[in-house]
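Okay, structure first, notes after.
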Amino acid sequence: MEKLAGYVEHIIYRNTDNGYTVLNLVSGEDEITCVGIFSTIAEGENIEATGDYTDHPTYGTQFKVVSFEEKAPEDQEAIERYLGSGAIKGIGLAMAARIVRRFKEDTFRIIEEEPERLVEVKGISERKAMEIASQVNEKRDLRQAMIFLQQFGITMNLAVKIYNKYGQEVYGILKENPYRLADDIEGVGFRTADEIAARIGIHTDSDYRIRSGLFYILQQAVAEGHIYLPEELLLRRAKVLLGIEIEDIEKYINSRGYTKKEAENTAMELYERDCMRFYQILDEAIGEHD
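So in this note's numbering, spot 209 of the sequence shown is number 209, and the numbers just go up one at a time.
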């Protein structure tokens with residue numbers, strides 16, 4: 001695979017649902033069309049992309065990006081281009097030029113550590129200075145979170161969903177209980193959360209893993225048409241799913257943490273919810289034909 005470094009000159013197209021993006025990347029003297037998943041990239045940002053060149057029958061040569069890394073602007077020209085790109089609301093080309101002319105390569109350090117000094121630039125009030133700093137810090141936090149999440153094999157699109165849900169709490173949540181993803185993030189089930197947990201280093205006999213696994217089994221039982229599972233069957237399925245001994249699972253069913261009655265009630269609630277959804281869809285279909 002090849003590497004390509006440059007700045008995003010223009011975003012041609014972006015699918016907001018899955019992050020698929022077509023953009024123009026300026027690399028040296030060349031302008032290259034790149035395609036891939038870029039959920040968080042904005043015009044003016046610097047990236048180093050990894051991928052391969054492909055020939056599209058309609059659009060010609062494109063660089064198909066498999067992965068990329070955002071790079072902080074380093075020289076004055078890059079900093080000014082980023083600030084004036086529209087990535088930071090309230091800063092246009094002229095103001096970006098004034099900020100960089102005043103603070104030079106120290107611009108981002110000033111914004112992050114001494115934002116009150118931005119008032120030294122004509123046209124920036126104290127309130128505007130704080131707004132600019134807030135936006136820059138949010139983008140920095142997002143960039144750091146993406147790097148953190150992707151090290152566990154999480155796709156960019158899913159990483160954005162996770163960060164939007166948890167914000168800066170994402171670090172503690174994933175390290176303590178990544179199985180919360182199955183409850184909180186649309187499109188994430190137990191198996192996906194379990195893969196992420198394994199990469200993080202969560203033990204196979206973790207309390208969170210066993211509880212989440214039991215709930216997943218009950219959800220599967222509802223999908224099969226059951227309204228509850230006998231304890232023996234629940235234990236057998238859990239052993240297969242979790243890869244641990246039944247003795248390690250029983251205490252979660254017989255303890256206050258996850259009683260047999262609660263398991264049956266959970267299955268019933270899931271069943272009733274799905275039934276209500278079925279009748280809702282049926283009513284809508286009938287209404288369309290009235």
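Beta carbons are placed, not taken as given, at the ideal position from N, Cα and C, and that holds for glycine.
When you compare only the Cα positions, how much space is there between F215 and E43?
Straight-line Cα distance between these residues: approximately 43 Å.
Out of L174, D205, D183, which one is the CA nearest neighbour of R199?
Comparing Cα-Cα distances from R199 to each of L174, D205, D183, the minimum goes to L174.
For the putative contact between G51 and L25, defined by C-beta atoms under 8 Å, what is the C-beta separation to the nearest angstrom?
About 11 Å; that fails the 8 Å criterion.
Buried or exposed: Y53, going by 16 or more other Cβ atoms within 10 Å of its Cβ?
Exposed is the call here.
Between E74 and E176, what straight-line distance do the alpha-carbon atoms span, to the nearest angstrom?
For E74 and E176, the distance between alpha carbons rounds to 36 Å.
Just checking: is the beta-carbon of S206 within a distance shorter than 8 Å of some beta-carbon in chain C?
As a matter of chain content, chain C is missing from the structure shown, which is built from one protein chain.
Identify every residue that forms a DSSP beta bridge with R354.
This structure does not reach residue 354, given that the chain is present from 1 up to 290, and the question cannot be answered.
Report the option in Y82, K161, G225 whose CA atom is closest to the CA atom of K71.
Considering only alpha carbons, the answer is Y82.
Return the residue from the list Y171, I246, R14, G243 that minimises the CA-CA distance to Q151.
Checking every option, the nearest Cα to that of Q151 belongs to Y171.
Grouping DSSP H, G and I as helix and E and B as strand, with all else coil, what is F63?
Correct three-state label for F63: strand.
On a Cα-Cα basis, can you pick out the residue from L118, I124, G167, G243 that is closest to R293?
Any question about residue 293 goes unanswered here, given that the chain covers just 1 to 290.
Taking 6 Å as the limit between beta carbons, can you name the residues of its chain near F124, skipping five residues before and five after?
Checking the sequence, you will find Ile at residue 124 rather than Phe. L118, listed in sequence order.
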